[in-house]
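Step one of this worksheet: look at the structure below.
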Amino acid sequence: MKAVILAAGMGVRLHPLTYKIPKGLLEIDGNTLLEYSLNNLSLFGINSVIIVTGYLEEMIREKIGTSFNGMNIDYVTNEIYSKSGSMYSFSRVKDIIDEDVLLLESDLLYDPRAIKMVQDSEFKDLILVADLSGSGDEVFVCADENRKIIALGKNISAEIKNQPIGELVGISKFSMGFLDKLFEKAEEDYKAGQLNFHYEECVFATGELYPVYVQRCDNLAWIEIDKENDLIRAKEEVYPEIKKIGHSSKTDS
1128 MKAVILAAGM GVRLHPLTYK IPKGLLEIDG NTLLEYSLNN LSLFGINSVI IVTGYLEEMI
1188 REKIGTSFNG MNIDYVTNEI YSKSGSMYSF SRVKDIIDED VLLLESDLLY DPRAIKMVQD
1248 SEFKDLILVA DLSGSGDEVF VCADENRKII ALGKNISAEI KNQPIGELVG ISKFSMGFLD
1308 KLFEKAEEDY KAGQLNFHYE ECVFATGELY PVYVQRCDNL AWIEIDKEND LIRAKEEVYP
1368 EIKKIGHSSK TDS
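Numbered per my numbering, the sequence shown spans residues 1128 to 1380.
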């Protein structure tokens, strides 16, 4: 299984912190968010990672290099990162992957057990969800009794929102069969001039015909860092919690 990390975005909501640095290179206790995620992947047998870059990509390539903790690191560029969404970034890898994929966002800090839970899930195509964070920027995920996703988004109906399964973490697993359909759907969108979809929107749209499931991880220590307050909380609350669990050690590339 290969991992893909989406790291092309400009991190506009984190300005001025991201004026001169991509948000995947923001540091917490001496390591970048990307390094923490790569370290987590290396703990569970991943040996190949593709990082999709765009904004200030040379900084990421210089910092991470072509190997990390024994993993091979490759790069793919989203050259129109300033006017496209995360699905466009993800689709840049479609011609170079030939196996199931773990998909991660680059702005996450999380307990490594999230990777293990996704790997070990009974479902081939899934989105990891956790308890609602109350951040005000949640992507809500709802599922039926079989855990098939039936609603996903920030603006789902109030009735459904009151009964969510959880919140999108930003870690998913997809089979090659599903990816073929996902990328086909994305290409149709691009031909129609629609470049700005988030990957999870396209996953949900494709999942209406090819089911995608939720894998819930209760009491997961995690945070998506979209705003400066998120970074403060990551440093003051989430990282100490992960460190206390004993997983988050210094990384060496």
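Every residue gets a Cβ at the ideal spot worked out from N, C-alpha and C, and that includes glycine.
Can you tell me whether DSSP reads residue i as helix, strand or coil?
| i | result |
| --- | --- |
| residue 1198 | strand |
| residue 1269 | strand |
| residue 1371 | helix |
| residue 1170 | helix |
| residue 1319 | coil |
| residue 1313 | helix |
| residue 1254 | strand |
| residue 1306 | helix |
| residue 1249 | coil |
| residue 1259 | coil |
Using only the alpha-carbon positions, how far apart do residue i and residue j sit?
| i | j | result |
| --- | --- | --- |
| residue 1323 | residue 1148 | 22 Å |
| residue 1248 | residue 1342 | 7 Å |
| residue 1138 | residue 1353 | 7 Å |
| residue 1356 | residue 1252 | 32 Å |
| residue 1377 | residue 1316 | Low per-residue confidence applies at residue 1377: pLDDT is 43, beneath 50, and the placement is therefore not dependable enough to give any value. |
| residue 1191 | residue 1181 | 15 Å |
| residue 1278 | residue 1326 | 15 Å |
| residue 1214 | residue 1134 | 12 Å |
| residue 1129 | residue 1177 | 8 Å |
| residue 1141 | residue 1150 | 8 Å |
| residue 1161 | residue 1259 | 23 Å |
| residue 1367 | residue 1211 | 35 Å |
| residue 1254 | residue 1246 | 11 Å |
| residue 1370 | residue 1363 | 11 Å |
With a threshold of 8 Å between beta carbons, is residue i in contact with chain C?
| i | result |
| --- | --- |
| residue 1237 | This model lacks chain C altogether; it includes just one protein chain. |
Can you tell me where the beta strand (DSSP E) with residue i in it begins and where it stops?
| i | result |
| --- | --- |
| residue 1177 | 1175-1180 |
| residue 1301 | 1293-1301 |
| residue 1134 | 1129-1134 |
| residue 1276 | 1276-1280 |
| residue 1343 | 1340-1343 |
| residue 1191 | Looking at the DSSP string, residue 1191 is not in any beta strand (DSSP E); the run it does join, the alpha helix (DSSP H), is 1184-1191. |
Grab the span of the alpha helix (DSSP H) containing residue i for me, first residue to last.
| i | result |
| --- | --- |
| residue 1326 | 1326-1334 |
| residue 1355 | 1355-1360 |
| residue 1215 | 1213-1218 |
Compare the beta carbon distance of residue i and residue j with 8 Å and say whether it is the shorter of the two.
| i | j | result |
| --- | --- | --- |
| residue 1358 | residue 1153 | yes |
| residue 1155 | residue 1361 | yes |
| residue 1294 | residue 1330 | no |
| residue 1208 | residue 1136 | yes |
What residues are listed by DSSP as bridge partners for residue i?
| i | result |
| --- | --- |
| residue 1236 | 1350 |
| residue 1224 | None; residue 1224 has no bridge partner. |
| residue 1154 | 1159 |
| residue 1145 | Answer by DSSP bridge pairing: none, since residue 1145 is not bridged. |
| residue 1231 | 1132, 1298 |
| residue 1203 | 1179 |
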